[in-house]
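In this note's numbering, the protein residues as written are 4 to 446.
For every residue, glycine included, the Cβ atom is placed at its ideal position computed from N, Cα and C.
Just below is one structure, and these are the notes that go with it.
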Amino acid sequence: MSGQRKLHLGAFMRPISIHTGAWRYPGAAPDANFNFPLLRRFAQRLEAAKFDAFFMADHLAVLNMPVAALKRSHTVTSFEPFTLLSALAGATERIGLIATASTTFDEPFHIARRFASLDHLSGGRAGWNIVTTANPDAALNFGYDDEIDHDERYRRAREFHEVVTGLWDSFADDAFIRDVEAGIYFDPDKLHVLNHKGKYLSVRGPLNIARPVQGWPVIVQAGASEAGRQLAAATAEVIFLAEPRIEAARAFAADIRSRMVALGRDPAHLKILPGALTVVGTTIEEARAKRAHLDSLVHYDSGIHSLSGMLGVDVSRYDPDGPLPDIPPTNAGQSGRERILDYARRENATIRQLAARAGSYAGLSFVGTPESIADEMQDWLESGASDGFNIMFPWLPSGLDDFVDLVVPELQRRGLFRQDYEGTTLREHLGLPRPENRFFPSS
Ligand SMILES: Cc1cc2nc3c(=O)[nH]c(=O)nc-3n(C[C@H](O)[C@H](O)[C@H](O)COP(=O)(O)O)c2cc1C
């Protein structure tokens with residue numbers, strides 16, 4: 004059993020479910036998205052189940068859909084990730100805390116400080132989900148008239164990562180000598196001033212925070228377009244994937260790992276965790292009935308605008324029972340768009356069917372018994388399609404409780420998941436090395 008590769012499990016908290024029908028499911032807490040005592044309980048339950056991380060998505064605007072659709076979504080109100088995760092850091096001891104932050108609408112000095120602070124506050128449990136922010140409405144909240152071009156966002160993101168990691172390396176790990184006798188707080192030879200002047204960013208530094216406990220908080224990404232893959236190959240240590248097909252996920256993993264090798268990175272220093280909506284039942288039929296009920300709680304007004312958002316084109320004016328018209332290229336996220344277009348072509352689906360799919364969660368899902376879900380997860384792990392999953396709960400609390408109480412013990416019984424944490428930091432949970440300080444190498 005000891006030689007068995009193990010799954011890594013993140014909890015995809017948005018801060019609760021990604022599914023638009025989640026808040027309406029019988030027994031669900033409709034306000035869970037914005038209820039701190041409940042969120043604290045979720046984090047503590049996930050930690051008791053030995054999850055690697057609690058992941059907090061973030062969007063810098065309400066979802067870009069009309070109020071007729073927006074009024075149906077629990078995600079319209081959500082905590083700011085650092086504030087929530089700092090509070091959760093005080094309520095937990097081991098679980099990783101991953102925050103989403105944007106390289107398009109934020110400044111590297113702010114981002115470096117916030118993540119360094121969260122990493123110190125939590126004893127080395129922080130992770131940064133780098134997003135370039137596809138929602139065009141976000142631009143309007145930051146003084147821009149228009150959205151920034153997709154590939155341009157990724158070029159800025161590459162430089163942004165370089166600057167943030169450079170800022171984290173401002174001080175050597177042993178810079179703070181705090182010599183009370185001599186009156187010297189830190190050794191100035193162990194301080195590096197970044198002096199970065201690049202195409203997009205100009206940052207002098209140094210960061211006014213000691214090097215993070217983990218060296219660098221864990222770098223996470225979810226882009227899957229050509230530009231997204233190249234950024235991930237250069238910088239990501241964890242990738243959240245939205246790919247539902249196992250062969251395509253395997254091809255994705257092989258592609259990213261070969262890009263990493265070409266860039267001189269060790270491909271073992273990357274964990275790929277597809278998002279997976281899991282619905283647990285005592286029989287497969289019962290689980291399917293639960294999923295069908297959940298999907299039926301998504302209103303057409305909501306589904307059609309989720310579809311428009313994924314496509315980057317408003318398709319609400321077309322006949323719901325007709326086919327999808329030709330969609331021009333857009334600036335929206337590319338990978339979700341391709342997947343839904345591919346599905347529309349393959350299934351010859353009507354707009355109504357596509358709306359139901361887009362609104363109810365079109366990505367990977369495991370719907371079945373604890374045993375059948377463990378079988379599928381094992382297959383993904385052992386065939387090299389993933390290193391684990393970012394679990395999306397269908398509704399809360401009981402969708403989370405079912406996973407923790409029924410699926411986790413089954414995975415543990417098979418030796419596929421840890422019985423206890425072996426380390427204290429998120430890097431240790433994920434089996435990732437601590438990066439060397441680029442200005443103060445240890446040898
Ligand atoms: C599991 C998962 C989680 C994501 N979380 C966020 C998020 O919290 N905020 C955000 O702006 N984008 C998020 N995204 C969008 C990605 O950052 C990215 O824009 C999208 O996958 C499209 O890829 P592309 O930009 O390479 O085309 C997420 C994507 C996935 C698959």
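- CA-to-CA, the gap between Gly218 and Ala239 works out to about 15 Å.
- For Ala227, the Cβ falls inside the 7 Å cut-off from some heavy atom of ligand 1.
- Inter-segment contact for the region 347 to 362 and the region 205 to 218 is absent: fewer than three beta-carbon pairs are separated by less than 8 Å.
- For the pair His153 and Ile133, the CB atoms are not nearer than the 8 Å cut-off.
- In the three-state reduction of the DSSP assignment, Gly371 falls in the strand class.
- Distances from the CA of Arg159 to each of Asp390, Glu341, Lys202, Gly126 were compared; the closest alpha carbon is that of Lys202.
- Beta-carbon to beta-carbon, Ser20 and Met395 are separated by about 7 Å, close enough to satisfy the 8 Å threshold.
- If you draw a straight line from the Cα of Ser173 to the Cα of Thr106, it is about 20 Å long.
- The Cβ neighbour count for Lys53, taken over all protein chains shown within 10 Å, is at least 16; the residue is labelled buried.
- In the same chain as Phe420, and ignoring 5 residues on each side of it, the C-beta atoms closer than 8 Å to its own belong to Lys9, Leu10, Leu12, Lys53, Val411, Leu414, in chain order.
- Relative to the Cα of Gln381, the nearest Cα in the group Tyr364, Arg417, Leu409 belongs to Arg417.
- Beta-carbon to beta-carbon, Ile249 and Ser375 are separated by about 15 Å, too far to satisfy the 8 Å threshold.
- Following the DSSP letters along the chain, one finds Trp171 inside the alpha helix (DSSP H) bounded by residues 153 to 171.
- Excluding five sequence positions before and after Ile343, the CB atoms of its chain that fall closer than 8 Å to its own CB belong to Leu310, Met313, Leu314, Leu357, Arg360, Ala361, Ala365, given in chain order.
- Residue state for Asn440 is assigned as coil, using DSSP reduced to three classes.
- Boundaries of the alpha helix (DSSP H) harbouring Gln356: 354 to 363, taken from the DSSP string.
- The Cβ atoms of Ser389 and Ile275 sit closer than 8 Å to each other.
- Under the 8 Å Cβ criterion, the region 52 to 71 counts as touching the region 122 to 139, having at least three qualifying pairs.
- In terms of Cβ geometry, Ala35 and Ile98 do not form a close pair [threshold 8 Å].
- By the criterion of a C-beta distance shorter than 8 Å, Arg207 is surrounded in its chain by Val196, Leu197, Asn198, His199, once the five residues flanking it on both sides are discounted.
- Here the region 23 to 32 does not lie against the region 79 to 92, with fewer than 3 beta-carbon pairs under 8 Å apart.
- Boundaries of the alpha helix (DSSP H) harbouring Ser401: 401 to 405, taken from the DSSP string.
- Checking the DSSP bridge columns, you'll see Phe392 partnered with Leu12.
- Nearest C-alpha to Ser205 among Asn440, Pro111, Gln7: Pro111.
- Under the DSSP definition of a beta bridge, Ser205 partners with Lys200.
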